[in-house]
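> Questions regarding the structure given below will be posed in turn.
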Amino acid sequence: MLFTDPVVVSWALVTTCVLGFLRLYSLWLRNPLKHIPGPWYTRITHYMLKWQTTIGRRMYYVHSLHEKYGTVVRISPYQVAISDPDGFVAIHRIGSGFLKSPWYEEFVGATGIGIGVFATVDPVKHGVMRRLFSRAFSTTSLRQNCEEVVREKVAKAIHRIKGEATYGSCDILHWLMLMTSDVIGQLAFGESFELLESGKKNEYIDTFQLVGIGSYLKHELPWLYAISHYIPLKPLRRMLNAGNSIREYGERAVENLNRHRDNKSNLFATALAECDAGDKAELTEDYIKSEASNLIFAGADTTAGTLTYLVWAVLRRPELQARLEAEVAAVDDINIFNDAFLEKQPLLNSVIDETLRLYGSIPANLPRVVPSKGAKFGDYEIPGGLEVETQAYTLHRDENVYPNALEFDESRWMDPKMLTPHQKSNFCPFGAGARVCIGQHLARMEIRMGAAVLFKQCPGLKLSSNMTDSMMEMENFFVVAPVGHRCDVTLQ
Numbered sequence: 001m002l003f004t005d006p007v008v009v010s011w012a013l014v015t016t017c018v019l020g021f022l023r024l025y026s027l028w029l030r031n032p033l034k035h036i037p038g039p040w041y042t043r044i045t046h047y048m049l050k051w052q053t054t055i056g057r058r059m060y061y062v063h064s065l066h067e068k069y070g071t072v073v074r075i076s077p078y079q080v081a082i083s084d085p086d087g088f089v090a091i092h093r094i095g096s097g098f099l100k101s102p103w104y105e106e107f108v109g110a111t112g113i114g115i116g117v118f119a120t121v122d123p124v125k126h127g128v129m130r131r132l133f134s135r136a137f138s139t140t141s142l143r144q145n146c147e148e149v150v151r152e153k154v155a156k157a158i159h160r161i162k163g164e165a166t167y168g169s170c171d172i173l174h175w176l177m178l179m180t181s182d183v184i185g186q187l188a189f190g191e192s193f194e195l196l197e198s199g200k201k202n203e204y205i206d207t208f209q210l211v212g213i214g215s216y217l218k219h220e221l222p223w224l225y226a227i228s229h230y231i232p233l234k235p236l237r238r239m240l241n242a243g244n245s246i247r248e249y250g251e252r253a254v255e256n257l258n259r260h261r262d263n264k265s266n267l268f269a270t271a272l273a274e275c276d277a278g279d280k281a282e283l284t285e286d287y288i289k290s291e292a293s294n295l296i297f298a299g300a301d302t303t304a305g306t307l308t309y310l311v312w313a314v315l316r317r318p319e320l321q322a323r324l325e326a327e328v329a330a331v332d333d334i335n336i337f338n339d340a341f342l343e344k345q346p347l348l349n350s351v352i353d354e355t356l357r358l359y360g361s362i363p364a365n366l367p368r369v370v371p372s373k374g375a376k377f378g379d380y381e382i383p384g385g386l387e388v389e390t391q392a393y394t395l396h397r398d399e400n401v402y403p404n405a406l407e408f409d410e411s412r413w414m415d416p417k418m419l420t421p422h423q424k425s426n427f428c429p430f431g432a433g434a435r436v437c438i439g440q441h442l443a444r445m446e447i448r449m450g451a452a453v454l455f456k457q458c459p460g461l462k463l464s465s466n467m468t469d470s471m472m473e474m475e476n477f478f479v480v481a482p483v484g485h486r487c488d489v490t491l492q
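With the first letter of the sequence shown counted as 1, position 154 gets the number 154 in the UniProt record's numbering; the numbers rise by one all the way through.
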């Protein structure tokens, strides 16, 4: 009866409104970032940022704020985006004191597969994890132990692409995704998923992608995630239980490692063989299970997406395609599968760098926590404990750093001696500083070889008639992907 009394209900509503108003007014007046330029609503709420994140438009939204407000912009009551070249270096240089935001562990932790080297915030713990794999992921070790795996998977993928494209239309994103998944499966789990043979994703890859969706939902919209437990839909139940399936699959990584300790194409076997004795204790079975799955997360969609955008960008430019086809046609059939030789091909590598500049797979926020003493960017002081973030999407489109920044111009990379200091320091498709992606050399190997073999074996490849530029617009759910989720090509 109490809650049906109109007087009580009225007073409750008035009280709620007054308390809400006082809360907002307090945020407005006491916001520690009120002196930073930005939309008025970012002084009191983060929900616009969260909404843009949820619909896959975060990088575009933050970029638009930089265009309107400058290189230092408030994007929420406790977050500031920085696009100043010197500010980027200050944040990400080794020893800067700007630690990774807790967001990383929260986001990856929500998957249920465990925190790996990518997401670990503690710099000491991260240093131990990174040392475990630093030699295994070095260019020298990859070429010695893993290049044969990449050769095999690239050859199979291009064979399948050529076969489909010869007689019709072929979705290269599909085949490149299978290729990169097979590569990282062989290197992390000690066995290929054999996706290129079957021509489709297996249950593990499907489940893994569900884990990513569930993690995103849990972190960005926790209330919706909580409600979803009570919705009796089979796909939803599968998504919620996906983390358990991933952990079970991790057992195979441990089993294969224990059976084949001498298999140097297994990254964990190489890590065990080459890391210091004091670090070997960190390679526990639980850690191997989680890190193997983290490697899939970091190394499959990302590399496949970048290579897909490279092919698309080249096929849209017939003159560039002709020059690239001529360069790789001059490479013999042995060296076309030789990464050290391909690394010396100027046009190929310039095209790769320009693709990474405009279409890198993780171009959005790299959040960091300001050291306790605070920091200054331009004329603006930012208190310690708050978050600053940079994003490659904006840094790579800075006209003051990259003239004609929106144009795909591979020539800007042809002569490394002509690059300016800011062009070098602001180029961050794999992150920067001590937290730069440990798998970048493997990614470049796959992209180099995949692109070289494709354009050598498929001269005259073209985009299918159904393809439009709008299909290749990037959607940004941490890793970017074409909104059309395909890229069709043909040799007809």
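Cβ atoms here follow ideal geometry from the backbone N, Cα and C, with glycine treated the same way.
Residues in the same chain with beta-carbon distance under 6 angstroms from Pro383, minus the five sequence neighbours each way, listed in chain order, please.
Around Pro383: Pro32, Gly374.
> What's the call for His485, buried or exposed, on a 16-neighbour Cβ count within 10 Å?
Under this definition His485 is an exposed residue.
> Exposed or buried, what is Met239 when buried is set at 16 or more other beta-carbons lying within 10 Å of its beta-carbon?
That one is buried.
> In chain order, what residues of the same chain lie with their CB nearer than 6 angstroms to the CB of Gln79, ignoring the 5 residues before and after it?
Result list for Gln79: Glu387, in chain order.
> Ordered along the chain, which non-local residues of its own chain (more than five positions away) have a Cβ less than 8 angstroms from that of residue 494?
In the structure as shown, the chain begins at 1 and stops at 492. Residue 494 is therefore absent and cannot be evaluated.
> Below 8 angstroms, how does it come out for the stretch 85-93 and the stretch 349-359: are there three or more Cβ pairs, yes or no?
No, the stretch 85-93 is not in contact with the stretch 349-359.
> Between the Cα of Arg261 and those of Pro123, Ser215, Arg448, Gly190, spot the shortest distance and give me the residue it belongs to.
The candidate whose alpha carbon is nearest that of Arg261 is Gly190.
> Label Tyr167 either buried or exposed according to how many other C-beta atoms from any shown protein chain fall within 10 Å of its C-beta, with 16 as the threshold for buried.
So Tyr167 counts as exposed.
> Can you tell which of Met414, Arg448, Arg368 has its C-alpha closest to the C-alpha of Lys100?
Lys100 has its Cα closest to that of Arg368, out of Met414, Arg448, Arg368.
> Sorted by chain position, which residues of the same chain lie with C-beta nearer than 8 angstroms to Ser372's C-beta, five sequence neighbours on each side aside?
Closer than 8 angstroms at the Cβ level, and outside the excluded window around Ser372, lie Gly384, Gly385.
> Could you check the C-alpha separation between Thr302 and Leu176 for me, to the nearest Å?
Near 11 angstroms, if we compare the C-alpha coordinates of Leu176 and Thr302.
> I need the DSSP call for Ile44, collapsed to helix, strand or coil.
Residue state, collapsed to three classes: coil.
> Measure the C-alpha to C-alpha separation of Ile161 and Phe208 and round it to an integer number of angstroms.
Their Cα atoms are separated by approximately 24 angstroms.
> Given that a residue counts as buried once 16 or more other Cβ atoms are within 10 Å of its Cβ, and exposed if not, what is His441?
Buried, since its Cβ has 16 or more Cβ neighbours within 10 Å.
> Just tell me which of Pro429, Thr120, Glu381, Lys344 has its CA closest to the CA of Leu358.
Nearest option by C-alpha distance: Pro429.
> Given this structure, state the Cα-to-Cα distance separating Ala273 from Ser181, to the nearest angstrom.
Distance between the alpha carbons of Ala273 and Ser181: 24 angstroms.
> Taking the alpha helix (DSSP H) that Asn294 falls in, what are its first and last residues?
285-299 is the extent of the alpha helix (DSSP H) around Asn294.
> Under DSSP, the beta strand (DSSP E) around Asp171 begins and ends at which residues?
Segment 169-171, the beta strand (DSSP E) holding Asp171.
> Starting from Ala481 and walking both ways along the beta strand (DSSP E), at which residues does that stretch end?
Note, Ala481: beta strand (DSSP E), 479-482.
> My assumption, with CB atoms under 8 angstroms, is that Thr306 sits in contact with Thr270. Please give the rounded CB distance.
The pair is not a contact, with the Cβ atoms about 24 angstroms apart (cut-off 8 angstroms).
> Determine the extent of the alpha helix (DSSP H) in which Ile91 is found, giving its start and end residues.
Taken as a continuous stretch (DSSP letters only), the alpha helix (DSSP H) holding Ile91 covers 85-92.
> Determine whether the beta carbon atoms of Tyr47 and Asn476 lie at a separation below 9 angstroms.
Cβ distance not < 9 angstroms, so Tyr47 and Asn476 don't count as in contact.
> Measure from the alpha carbon of Pro421 to the alpha carbon of each residue in Tyr402, His159, Ala451, Asp379, then state which is nearest.
Answer by Cα proximity: Tyr402.
> Does the separation of the CB atoms of Ala481 and Leu310 fall below 9 angstroms?
Not closer than 9 angstroms, so no.
> My assumption, with CB atoms under 8 angstroms, is that Phe377 sits in contact with Ile82. Please give the rounded CB distance.
About 6 angstroms; that satisfies the 8 angstroms criterion.
> Kindly indicate if chain D contains any beta-carbon less than 9 angstroms away from that of Asp379.
Among the chains in the structure shown there is no chain D, since it carries only a single protein chain.
> Which complete alpha helix (DSSP H) runs does the stretch 364-449 hold, if anything under 4 residues is left out?
Counting whole runs of 4 or more residues, the stretch 364-449 contains the alpha helix (DSSP H) stretches 392-395, 421-425.
> What is the DSSP secondary structure of His79, counted as helix, strand or coil?
The residue you asked about is not His; residue 79 is Gln in the sequence shown. Gln79 falls in the strand class under three-state DSSP.
> Would you identify the three-state DSSP class for Asn256, choosing helix, strand or coil?
Looking at Asn256 - three-state DSSP - the assignment turns out to be helix.
> Give the secondary structure of Leu221 by DSSP, where H, G and I count as helix, E and B as strand, and everything else as coil.
Three-state DSSP puts Leu221 in coil, outside helix and strand.
> Quick one: what does DSSP say Leu347 is sitting in, helix, strand or coil?
Three-state result, Leu347: helix.
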